[in-house]
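Residue numbers (the numbering used here): 3 to 261.
Below you'll find the structure, written out as C-alpha cells, and then a few comments.
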Ligand code: T3D
C-alpha cells in the first residue's frame, strides 16, 4: 500500500492501491506513518516526495472501508480524522525536511489537502485537484478549510469547497495551489530533478525557513523580525552558511552537508 525508495538523498513515498485510485485506508495510514518516521530518522534522506501509483495521486478516504454514514446515527466521522488524518497533516506540515507532493493524477478529498500540507506541490498536466467533499455531503477536512483560504483567498476558497469541482493543473498553477506543472511524459524526470535540488541544498537552513514561514501569518511584524534574527543566528553558525559564502567567493558551486 505504501512503497518507499531512496535515491540521490530523496525518499519517494508512493501511495500504492492503484485499483482504488490510492484511496486511503487505516492500514495505509499506519504504513505512511512508518515511512515518515523512517524518513525523519535517516540522515541520508534530505527531501521527501509523496506521489501515487498508476493514474491517480489519491482519491481521498476509501469510501468502502467500513460503515455507511447516517443509517444508524452512530457513525463518528470525526474519529477517523482525529486518529489518522489530523496527526498526518500536522506532521507533514511541520516536517523538518522539504516535502514535495507530486500529483501524477487526481488529488481528491482528504488527499488534495494532504498534498496542500506539503511544502511544494508539483503536478502533471493531466492532474486535477478536487475538494470533493460536498458532493458526498461532507465538510472539507484534512486541513482544507485552513490551507485553501490562506493560498487562494477566503472567497475563492469557499467557492472551491462549495462547488467541489475538478480543478485542472494549469488552473491550480494560476491560483498558486501548485508550484509547477510538467507535461505528463516528462513528469517523473522533472520531479526527480526538482527534488534532487533540495536534497543537495542546505537542508538545515530549509528547516529554519519552514519554521519562519509556518508562524508568519500569526505574528505581527515585530515578532517576526525577532524570530528571523534568532533563526539567522542559527543559520549563520552552520557549516553550510560558511560553505555558501566560501563557494561564492571562490566562484564554484557549494557543497552543502545539512549542518
Ligand atoms: O471518516 C471519514 O470517512 C471522513 C473522511 C473523509 C475524507 C475524504 O477524503 S471524503 C472524499 C472521498 N473521496 C471521494 O469522494 C472521491 C470518490 N471518487 C471519485 O469521485 C472518482 O473515483 C474520481 C473523480 C476520483 C475519479 O473518477 P474516475 O471516473 O476517473 O475513476 P472511477 O472509475 O470512479 O474510479 C476507479 C476505481 O476506484 C473505481 O472502482 P471500480 O468501479 O473500478 O471497482 C472506484 O470505485 C474506485 N474509487 C475511486 N475513489 C474511491 C474508490 N474506492 C474507494 N474509495 C474512494 N474514495
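For glycine and all other residues, C-beta sits at the position ideal for the given N, C-alpha and C.
Source: prediction; values computed, not measured.
Item: Write down every uninterrupted run of the beta strand (DSSP E) in the segment 127 to 151 whose length is 3 residues or greater and which is fully enclosed by it, in chain order.; Value: 130 to 132
Item: Do the segment 184 to 199 and the segment 3 to 20 touch if we need at least three Cβ pairs shorter than 8 Å?; Value: yes
Item: Out of 68, 110 and 182, state which residue places its alpha-carbon closest to the alpha-carbon of residue 102.; Value: 182
Item: Indicate the three-state DSSP secondary structure (helix, strand or coil) for residue 3 in the structure shown.; Value: coil
Item: If I follow the unbroken alpha helix (DSSP H) through residue 226, where does it start and stop?; Value: 223 to 238
Item: Taking 8 Å as the limit between beta carbons, can you name the residues of its chain near residue 154, skipping five residues before and five after?; Value: 162, 177, 178 and 179
Item: Can you round the beta-carbon distance between residue 132 and residue 169 to whole angstroms, since I take them to be within the 8 Å contact cut?; Value: 7 Å
Item: Just curious, the beta strand (DSSP E) that residue 184 is in, first and last residue?; Value: 182 to 184
Item: Sorry if obvious, but does the Cβ on residue 226 come closer than 7 Å to a heavy atom of ligand 2?; Value: Ligands present in the displayed structure are limited to ligand 1, and ligand 2 is not among them.
Item: Could you check whether residue 123 and residue 140 sit closer than 8 Å to each other, using their CB atoms as the reference points?; Value: no
Item: With a threshold of 7 Å (Cβ to nearest heavy atom), would residue 143 be considered close to ligand 1?; Value: yes
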